[in-house]
Amino acid sequence: MSEQKKQTVIPIGPYHPLQEEPEFFKLYVEGEKVVGLDIELGYNHRGIEKLSESKHFDQVPFLVERICGICSTSHPFAYVNAVEDLAGIDVPIRAKYIRTIIGELERLHSHLLWLGLAGHFLGYNTVWMWSWKYREPVLDILELITGNRQNYAMFKIGGVRQNIEKDDIPKIRKMCDDLIPIIDMFKGAVIDDPVIHARTKGVGILTKQEAIDFCVIGPTARACGIDIDVRRDDPYSAYPLVDWKVIVMKNGDIFDKLVVRVLEMYESAKIIKGCLTGLKKEPEGEIDAKVKTIPPGEGIGRHEAPRGEVFHYVRSDGSNRPIRHKIRAPSYMNIASNRVAAIRGTISDAAITLAAVDPCYCCTERCITIDKKTNKKIFDWEDLIKLSQEKTYFLSQAKKLKSIQKRKSK
Amino acid sequence: MNIIEQIKEKLGNKITAVTEKNRQRYYININPKDILQTAKIISNDLGCRFATATGIDTKEGIEILYHFSHDKTGKIITLGVILKNKEKPEIESITPILKGAEWIEQEIWEMLGVNFKGHPDLKRLLLAKDWPEGNYPLRQKEQK
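Protein sequences, first through last, are from chains A and B.
Basically the numbering used here = 1-based index in the first sequence + 5.
Letter 79 of the second sequence, counting from 1, is numbered 78 in the numbering used here, and no numbers are missing.
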């Protein structure tokens, strides 16, 4: 206790300019050195597991989609995998391809978002602005396919809700092709940059043994040399049907976590293109297995989200609701590892170390625009919703018009 | 020899039942008193990764499912225990051998009131500080 008294406590959070989500980190420091870390969670606890028990099986995907604003498809993906495991449902091949495409588009935009945040935390705001700018085309493609930039509402038990039309395939492919030079640029700007080297190499190291002890997953584990990826280890959807590889580094510092995420973007683009080729070959057909009832039993579903493995356990008693639905998000395992990763560093490195596991920040709120002279909102909440609905409507109309023209020309 | 046969051989008579749900999902029931040894064998000796644990309030008692992932084969091995004493459910903590279980056990403690013996820091994690003591949100009988 006497040693504890000499230490200074620096609080980060629960509300702090560096964090977009409430979490409380208590840093114990001696001089510049971080010697201890306490993490407090629970500012965002919404009781979704309990809520899930009161929804019927088809409503739950909408609920779990709202757990996270960034990886909004990971939870429905893992949930439908769990229910399909429970009931032994086979999903049509088209639905498998479409699910995989949505999952990988999400990984692309999520990694771009993290890259921006990491740049921002390091004081390298150019990277932040670039990567968020180049994230937009990915969101546009998601809007084209699903009608939404976030919370896509694509997943249902037994399939997907919307088809990817033949006409859209070249657009998605072009987006992927256009993204490659951009990832090349980031690879150059980030991986070869001496300032980034100085700030991230050898900083916030998590050794392989510590990673195993803390059971960390996803890019955080792969940067430490643990070769795990649910997409390859426990194949689901269309992942076994396309060619790609798992990126593994070995040092476990922030630089390696950065490299893993940048290189994973290439693989995501490759998976999407592989799926599009597969989708083109498949004849038009069912995208939904039309599931009627869920038998009693239990099932486990997993999905490799951008941050790591999402784990869902569902138990059914034969009624139309799950009697228990357990959700484990990847950050739950990864954030705990900060207790060792942040300790050996200095205060100035703590912010980026805490952010290096990519803790799940919600970005669901959109902006408001205010006219400075009159102090009036130009767009309020209702207007923004209206704008979004109008845009979706126009997109769908343009799609319809095209298909009519095509039929006429035939 | 595949992982399931290895587990069966290593655990021997500790296993009370094995269910094969399908090729990738196995459910193994054990006695609550064997949990620490079993978790040690499965994680340290057989190299399975601890994924998470699920606590369920059932008619028979509080059921805890420890999910282990064998990443080489992608199989999930679930160790199930039932704590029959619903008034004061107690089980040994696996945190001393698996640091990753710390928050998960804390969560089950505050949601279902299971006392994990030997847990280093059994304190509130997710619930608010003013949440009433002894009121466990995931217990079924609490619904009125």
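All C-beta atoms in this analysis are idealised placements derived from N, C-alpha and C, irrespective of residue type, glycine included.
All figures in this text were calculated on a predicted structure; none of them were measured in a lab.
Straight-line gap, C76(A) to E111(A) (C-alpha atoms, nearest Å): C76(A) and E111(A): Cα-Cα distance of roughly 7 Å.
Selected residue, minimal CA-CA separation from K423(A), among I103(A), T298(A), S353(A) and V319(A): Nothing in the structure corresponds to residue 423(A), since chain A is present only between 6 and 415.
Close-in-space but distant-in-sequence residues of the same chain around R237(A) (CB under 6 Å, 5 per side omitted): For R237(A), where only same-chain residues beyond five positions count, the Cβ hits under 6 Å are V251.
Cutoff 9 Å: F49(B) Cβ touching any chain A Cβ: Answer yes: the Cβ-Cβ gap between F49(B) and chain A drops below 9 Å somewhere.
Contact residues within the stretch 53 to 77 of chain A, judged by C-beta distance below 8 Å to chain B: Against chain B - using a Cβ distance shorter than 8 Å - the residues of the stretch 53 to 77 of chain A are E54 and K55.
Per-residue contacts from F219(A) into chain B (C-beta, under 7 Å): Near F219(A) (Cβ distances below 7 Å), the residues of chain B are K98 and G99.
Cβ contact (3+ pairs, closer than 8 Å) linking the stretch 303 to 321 of chain A and the stretch 159 to 169 of chain A: Short answer: they don't touch.
Enclosing alpha helix (DSSP H) for T105(A) [first to last residue]: Residues I98 to F126.
H66(B): contacting residues in chain A (beta-carbon distance under 8 Å): Neighbours of H66(B) in chain A, taken as residues whose beta carbon is under 8 Å from its own, are I305, F316 and Y318 in chain order.
Per-residue contacts from I75(B) into chain A (C-beta, under 7 Å): Those within 7 Å of I75(B) in chain A are I305.
Option nearest L120(A) by Cα separation, candidates I276(A), A361(A), I390(A) and G18(A): L120(A) has its Cα closest to that of A361(A), out of I276(A), A361(A), I390(A) and G18(A).
Exposed unless 16 or more other CB atoms sit within 10 angstroms - verdict on P88(B): Around the CB of P88(B), 16 or more other CB atoms lie within 10 Å, so the residue is classed as buried.
Rounded separation between P142(A) and L118(A) - CA only: When rounded, the distance between both Cα atoms is 13 Å.
Three-state class that DSSP yields for K179(A) in the structure shown: If DSSP states are grouped into helix, strand and coil, K179(A) belongs with the helices.
Contained alpha helix (DSSP H) runs [length at least 4] in the stretch 256 to 306 of chain A, N- to C-terminal order: Given a length threshold of 4 residues, each whole run of the alpha helix (DSSP H) inside the stretch 256 to 306 of chain A is given here in chain order: 259 to 286.
Contacts that M338(A) makes with chain B (C-beta to C-beta distance below 7 Å): Those within 7 Å of M338(A) in chain B are G99.
Below-9 Å beta-carbon distance, K101(A) vs any chain B residue: K101(A) does not count as touching chain B.
Closer than 9 Å to chain A by CB, W108(B): No, no contact with chain A.
In DSSP terms, what S321(A) is bridged to: According to DSSP, S321(A) bridges with G302(A) and P327(A).
Beta-carbon gap between Y318(A) and I276(A) smaller than 9 Å: Against a cut-off of 9 Å, the Cβ pair of I276(A) and Y318(A) comes out as no contact.
Per-residue burial, I409(A) [other beta carbons within 10 Å of its own, 16 or more giving buried]: By the neighbour-count rule (16 or more Cβ atoms within 10 Å), I409(A) is not buried but exposed.
Length of the line joining the Cα atoms of C47(B) and G304(A): Taking the straight line from one Cα to the other gives about 19 Å.
Given 8 Å, three or more beta-carbon pairs between the stretch 334 to 343 of chain A and the stretch 125 to 135 of chain A: Counting Cβ pairs under 8 Å, fewer than three are found: no touch.
Interface partners of I17(A) on chain B, CB under 9 Å: Simply none; closest approach about 18 Å.
Within chain B, partners of D90(A) - CB distance below 9 Å: Those are K20, N21, Q23 and R24, listed as they occur along chain B.
Same chain, Cβ closer than 6 Å to F29(A), five either side skipped, listed in chain order: If the five residues before and after F29(A) are omitted, its C-beta is found closer than 6 Å to the C-beta atoms of G18, P19 and E45, all from its own chain and listed in chain order.
Candidates E289(A), L184(A) and G93(A), of which the one nearest T298(A) by Cα: For T298(A), the nearest C-alpha among the options comes from G93(A).
Proximal residues of chain A, C-beta to C-beta of L125(B) below 8 Å: Close to L125(B), with beta-carbon spacing below 8 Å, are these residues of chain A in chain order: L46, G47 and H50.
Proximity test, Cβ basis, 9 Å: L35(B) and chain A: It does not; no Cβ of chain A falls within 9 Å.
Residues of its chain near N3(A), where Cβ-Cβ distance is below 7 Å and the 5 sequence neighbours each way are ignored: Here chain A has residues from 6 to 415 only, and residue 3(A) is not among them.
Residues that L137(B) contacts on chain A, provided the C-beta gap is smaller than 8 Å: Neighbours of L137(B) on chain A, chain order: E54 and K55.
Distance, I90(B) Cα to R22(B) Cα: Cα to Cα, the separation comes out at about 30 Å.
9 Å Cβ cutoff met for G283(A) and I98(A): Their beta carbons are under 9 Å apart, which means G283(A) touches I98(A) by this criterion.
Residues of the stretch 324 to 348 of chain A with Cβ closer than 7 Å to any Cβ of chain B, in chain order: Within the stretch 324 to 348 of chain A, the qualifying residues are R329, K331, R333, Y337, M338 and A341.
Cβ of P300(A) within 9 Å of any chain B Cβ: Chain B, which has no Cβ nearer than 9 Å to the Cβ of P300(A), makes this no.
Buried or exposed by the 16-neighbour rule on C-beta atoms within 10 Å, applied to F160(A): The residue in question, F160(A), is buried, as its Cβ has 16 or more Cβ neighbours within 10 Å.
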